[in-house]
Amino acid sequence: MAEPSPEVSFPKGGPGDPRVPPGGGSRRPRILGGDASQRNVWIAVASTVIFFGFLTIVIVRSPGWPEVKQSFFNGQEFKESFPLILRKFVRNIQIFCVAEVMVLAFALFLAVLRSLPGPVFTPLRILSGAYTDLFRGIPTILVIFLLGYGMPALNLQGIPDSDFFWAIFALVLVYSAYVAEVYRAGIQSIHGSQTAAARSLGLSRWQSMRYVILPQAVRRVIPPLLNDFIGLQKDSALVAFLGVTEGFQQATIIQQSDFNFTPFVALALVYIVFTIPQARLVDRMIARDQRRRQAGATL
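Okay, so the sequence shown: first residue is 9 according to my numbering, each after it adds one.
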């Protein structure tokens, strides 16, 4: 019987070790002896601190900083104005909540009209498209002025003359045009085979849209919808031009009374506190949707 040939072995970490990359040595980075991701984190933190530290020094050492600090960052003025502004900001939240519900419903109606197939629905598609083009082309502030001052001036019976009503109505008209296009993009992203499958099961065209297409489309467009509603929340400040006393109007009243711009800084802080969590929620939803799509693509 032939003796088995002796195995050739290399020392651990030698050229025969498959765990060692070409050229030999460890896979761990040699810089600072730490992990690459940890090093990147420290570099990011250091660069951020240096940048904002330098920016702060430049601003604080500028010749006009004492006047700016007194006019925009007055601690006593902030302490007195912030509760008043926050109390009136509740009106902004009311406007936003009422307008959001109406925008969701009306925009979906417009998107469905514009997505109807067949030549018989051509007039409805033209009307829906003309509406979205019109109100996306006019600045929001102009719509608020035209409706807020024009409609009550007609003195028509049954037409409200409330500034609050027309402020909400103007925001609904403008944002419905934008949100309708978001809905339409979601509807068009659904493959035509979904409709064909629903029709083959005996569902009508309307049932296919209601039970098959719209649920999928709405789920896909939730992140951009939230982005639009963040914009709607900020644009609720524009109703102040109709005389509605909300956060911005209250800040203006205080500023004109005290000749100090700190109330506007206080209002900006309120908006930041309300909008940044919503923006981070949108980012998380977008990331989750991307992970779900990647997982589906690998199956």
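Every residue gets a Cβ at the ideal spot worked out from N, C-alpha and C, and that includes glycine. All figures in this text were calculated on a predicted structure; none of them were measured in a lab.
Contact holds between the segment 94 to 101 and the segment 253 to 261, because three or more Cβ pairs, one in each stretch, are under 8 Å apart. With a cut-off of 8 Å on Cβ pairs, the segment 207 to 227 is not in contact with the segment 149 to 165, counting fewer than three such pairs. The three-state reading of DSSP puts Phe81 in coil, since its state is none of H, G, I, E or B.
Taking a C-beta distance under 9 Å as the contact criterion, Leu250 and Tyr139 do not qualify as a contact pair. Around the beta-carbon of Met217, 16 or more other beta-carbon atoms lie within 10 Å, marking it buried. Taking the CA atoms as reference points, Thr283 sits about 14 Å from Arg292. The segment 216 to 269 contains, as complete alpha helix (DSSP H) runs of 4+ residues, the segments 222 to 228, 230 to 243 and 255 to 266 (chain order). Per DSSP, the unbroken alpha helix (DSSP H) holding Leu154 starts and ends at Thr148 to Ala161. In this chain, Arg69 is not harboured by any alpha helix (DSSP H), its DSSP state being neither H nor E. Taking Phe90 as the centre and dropping the five residues before and after it, the same chain places the C-beta of Ala274 closer than 6 Å to its C-beta, in chain order. Each residue's CA atom was taken as its position, placing Gln241 and Gly210 some 43 Å apart.
Cβ atoms of Val247 and Ile103 come within 8 Å of each other, at about 6 Å. When only Cα atoms are considered, Ile262 and Ile134 end up about 48 Å apart. For the set Met110, Phe59 and Gln258, the Cα lying nearest the Cα of Val180 is the one of Met110. Taking C-beta atoms under 8 Å as the contact rule, Pro231 and Asp297 qualify, at a distance of about 7 Å.
Residue environment analysis places Asp169 among the exposed positions, since fewer than 16 neighbouring C-beta atoms fall within 10 angstroms of its C-beta. The continuous stretches of alpha helix (DSSP H) do not include Ile198, and DSSP gives it neither H nor E.
Boundaries for Leu211: no alpha helix (DSSP H) harbours it, and the DSSP string shows neither H nor E there.
Going by beta carbons, Leu124 and Tyr191 fall outside the 9 Å limit. In this structure, DSSP gives Leu124 a state outside helix and strand, which the three-state scheme calls coil. Residue Val106 holds the alpha-carbon nearest to the alpha-carbon of Ala175 among Gly194, Val106 and Val187. Pairing Thr270 with Glu75 gives a Cβ-Cβ distance that is not under 9 Å. Assignment of Asp169 by DSSP, reduced to helix, strand and coil, places it in the coil class.
With respect to the 9 Å criterion, Ala206 and Gln215 are classified as neighbours on the basis of their beta carbons.
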